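Heads up, the thing below is written out as structure tokens.
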Amino acid sequence: MHVPLLLTDFLDRAVELYGEKLAIIDDRRVLTYNQLNKRVNQLSRGLVDLGIEKGDKVAYLAPNTSEMLEGFYGVFQVGAVMTALNTRLKPADYQFILSHSESKVLFVDEDLYELVKPVLSALPNLKKVIVHGQGKDGHVGYEEWRGAYSSEPFERTPLEETDIASLLYTSGTTGNPKGVLLSHRSNYLHAMSTMHHLRVSDSDTLLHVLPMFHVNGWGSPFYYTANGATQVMLHKVDPKIILEKVKKYGVSVMHMAPTVLNMVLEEYEREKPVMDQDVRVVIAGSSPPPAFVRKVEEDLGWEFVQVYGMTETSPLITTSVIRTEQENRSPEEKYRLKAKTGYAMIGSKVKVVDELGEEIAHDGKAIGEIVTRSNTVMEGYYKNLEATNHTIRDGWLHTGDMATVDEDGYIEIVDRMKDVIISGGENISSIEVEGALYEHPAVLEAAVIAIPHEKWGEVPHAVVVVREGHSLTEQELVEFAREKLAHFKAPKAITFAKELPKTASGKIQKVVIRKDYWKDHDRMVH
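Written out as structure tokens, the structure reads:
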């Protein structure tokens with residue numbers, strides 16, 4: 001028997017089993033799963049009324065709100081493709097993405113409307129703009145528009161699991177962003193695997209910290225909905241509000257970038273709120289220092305879960321949760337393992353290979369590129385066959401992330417290919433250098449990049465944000481790094497900054513930092 005794996009199944013299950021359970025807690029409204037479903041049905045009818053058909057792109061520019069979550073299921077019910085937009089781009093970026101994707105409808109939050117206003121007249125494919133909140137410039141408000149349609153069960157467009165569900169644009173550091181095509185099947189199987197590894201259940205209350213536009217919030221609107229979990233919305237990343245909502249709503253799980261967790265730790269140390277419930281915090285990004293993991297687990301009392309993936313893989317493919325055979329290790333060894341990129345989730349094959357495609361030695365020293373083969377891998381880049389063929393070769397997706405593998409099979413990223421510093425012929429991992437700097441108690445954030453050098457070609461340079469209430473000199477930090485690292489790896493100089501540039505998901509943007517240092521030179525790795 002063949003039953004297509006469709007994302008609409010997840011809300012159906014929640015309605016059937018948890019209809020009167022609290023589904024959404026938003027600043028604007030509170031909804032049960034039955035109420036959420038009725039709003040989704042109205043949205044789907046409205047889209048059909050606008051002429052939206054199977055395969056059409058529907059764009060969303062919104063923070064984490066109930067309207068954004070409704071969008072996924074309302075769009076999927078009509079067979080359309082959810083095209084979620086990063087909330088921190090420039091008008092020209094939105095013009096490119098909306099044009100390239102041929103989006104026919106745009107839903108935009110009233111607080112973000114000004115970002116797209118300058119380019120709306122330059123988008124001939126766009127049939128309708130609907131504003132979450134108050135209508136603007138003649139564009140109708142969402143509640144008024146949606147409220148005109150029936151909330152009765154919606155007769156869905158027949159779909160196959162291979163049909164596209166998501167079109168997600170990766171942040172372009174070189175040229176324009178690429179549109180990643182993910183099918184219902186890829187997103188569905190990703191949800192099934194991830195919910196297992198993250199131990200998602202109907203007793204969970206999720207605080208949506210990670211933006212839902214960021215690879216569908218790592219798929220969270222799918223697997224938390226499927227399990228009937230209560231989902232609390234966070235419109236803006238603010239550590240004070242995060243801690244308030246964790247306490248007020250009994251939040252049990254959150255997904256976020258390491259930089260956001262760092263902010264939460266800082267706020268916790270200031271306020272020391274009392275929280276009784278167990279909390280899991282799921283982190284993706286470069287491997288943090290083990291000391292950071294210890295701080296989260298011992299000071300906050302939260303379980304730290306490191307995961308890894310990329311937009312092209314739906315996104316999560318590894319986890320570093322301690323396996324039973326490592327349970328007897330010392331706490332320090334466990335923190336070290338938890339900080340690593342980890343091992344493959346169910347459904348993904350993940351390995352680290354050399355230039356010839358051969359697996360590297362599992363000795364924690366040899367370095368290769370992470371490649372993966374999985375049902376969660378994208379169908380390709382939209383209208384970009386060349387980039388697709390470059391990324392997926394011989395049945396494996398090449399991530400561009402360089403890593404080692406230890407004796408236990410735990411992968412550890414040492415750098416992006418583009419972020420490896422080559423100084424006098426020696427390869428230096430910027431992540432290793434950052435890890436050493438983070439051990440200094442005065443360092444809040446650090447980014448290490450390559451800068452040009454006449455003798456060595458390039459050398460490591462650190463841009464550092466000092467923790468509030470601490471003081472630090474360049475010489476002190478350089479000497480501290482030299483005690484921890486081989487001298488050639490230590491930063492030759494330090495720049496102190498008030499903050500580091502970040503993406504909307506909280507990832508530090510090294511490409512922005514590099515630009516100032518390489519503007520008069522031929523080579524600049526993007």
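For the sequence shown, the UniProt record's numbering assigns the number 1 to the initial residue and increments by one for each residue that follows. C-beta atoms are modelled at their ideal positions from N, C-alpha and C, and glycine is treated no differently. A quick note: this is a predicted structure, and the numbers were derived from the prediction, not measured.
Check whether residue i and residue j have beta carbons under 8 Å apart
i      : j      : result
Val296 : Val246 : no
Pro211 : Ala504 : yes
Ile508 : Ala447 : yes
His197 : Val293 : no
Leu300 : Leu265 : yes
Pro460 : Pro491 : yes
Thr230 : Leu22  : yes
Val414 : His362 : no
Lys236 : Glu267 : no
Tyr308 : Ala339 : no
Leu11  : Asn37  : yes
Gln95  : Ser44  : no
Val131 : Val108 : yes
Ile97  : Pro4   : no
Met233 : Ser121 : no
Ala442 : His470 : yes
Leu126 : Ser103 : yes
His184 : Lys383 : no
Ile431 : Glu458 : no
Pro118 : Pro91  : yes
Leu61  : Leu106 : yes
Val463 : Ile513 : yes
Gly506 : Val282 : no
Gly364 : Glu407 : yes
Glu114 : Gln134 : no
Ser150 : Met378 : no
Pro315 : Pro288 : no
Residue i classed as buried or exposed, judged by whether at least 16 other C-beta atoms fall within 10 angstroms
i      : result
Thr174 : Bear in mind that a pLDDT of 48 at Thr174, under 50, signals an unreliable position, so the number given afterwards is only what the model happens to contain. Exposed: under 16 other Cβ atoms inside 10 Å.
Gly409 : exposed
Ala493 : exposed
Lys515 : exposed
Asp522 : In this predicted model, Asp522 has a pLDDT of only 45, less than 50, meaning its place in the structure is not dependable enough to derive any value.
Asp276 : exposed
Ile317 : buried
Arg323 : exposed
Glu434 : buried
Gly179 : buried
Ala486 : exposed
Thr194 : buried
Ile242 : buried
Met417 : exposed
Lys54  : exposed
Ser330 : exposed
Asn262 : buried
Thr473 : exposed
Reference residue i; option with closest CA among the options
i      : options                        : result
Asp137 : Ala148, Glu143, Val116         : Val116
Val58  : Thr83, Glu267, Leu43, Met195   : Thr83
Val48  : Asn37, Ser99, Lys128           : Lys128
Tyr381 : His214, Leu182, Lys484         : Leu182
Met310 : Val350, Glu327, Pro331, Ala62  : Val350
Gly147 : Gly55, Gln42, Asp56, Thr194    : Gln42
Ile360 : Thr391, Gly141, Ala403, Pro4   : Ala403
Pro63  : Asp27, Ser150, Arg185, Met1    : Asp27
Thr376 : Ile392, Ala284, Asn384, Glu386 : Ile392
Asp204 : Asn125, Ser186, Asn227         : Asn227
Gly79  : Leu106, Asn86, His208, Glu155  : Glu155
Glu412 : Pro290, Gly457, His440         : Pro290
Tyr223 : Lys248, Val253, Gly469, Ile242 : Val253
Glu468 : Pro288, Leu444, Ala486         : Leu444
Ile449 : Glu474, Lys484, Gln475, Lys489 : Lys489
Arg29  : Leu61, Tyr113, Glu143, Ile52   : Glu143
His214 : Met68, Gly51, Lys365, Glu432   : Met68
Leu7   : Glu160, Asn86, Leu17           : Glu160
Ile24  : Pro315, Arg482, His255, Tyr249 : Tyr249
Any non-hydrogen atom of the ligand ZN within 7 Å of residue i CB
i      : result
Glu439 : As far as ligands go, the structure on display features none, and thus does not contain the ligand ZN.
| Is the stretch 214-225 close to the stretch 182-198, with three or more CB pairs under 8 Å? | yes
| query | Can you give, in chain order, each stretch of the alpha helix (DSSP H) that sits fully within the stretch 247-327 and has at least 4 residues? | reply | 258-271, 290-295
| For the 8 Å Cβ check, are there 3 or more pairs between the stretch 391-410 and the stretch 357-374? | yes
| query | Which runs of the beta strand (DSSP E), 3 residues or longer, sit entirely within the stretch 425-481? | reply | 426-428, 443-453, 457-466
| query | Can at least three beta-carbon pairs, one atom from the stretch 155-170 and one from the stretch 71-78, be found at a separation below 8 Å? | reply | yes
| said: What ranges does the beta strand (DSSP E) occupy inside the stretch 145-185, keeping only unbroken runs of at least 3 residues that lie completely in it? | reply: 164-169, 179-183
| Can you list, in chain order, the stretches of the beta strand (DSSP E) that have 3 or more residues and sit fully within the stretch 38-90? | 57-61, 81-84
| request: Any chance you could list the beta strand (DSSP E) runs of at least 3 consecutive residues sitting entirely within the stretch 327-411, in chain order? | output: 348-353, 368-374, 396-405
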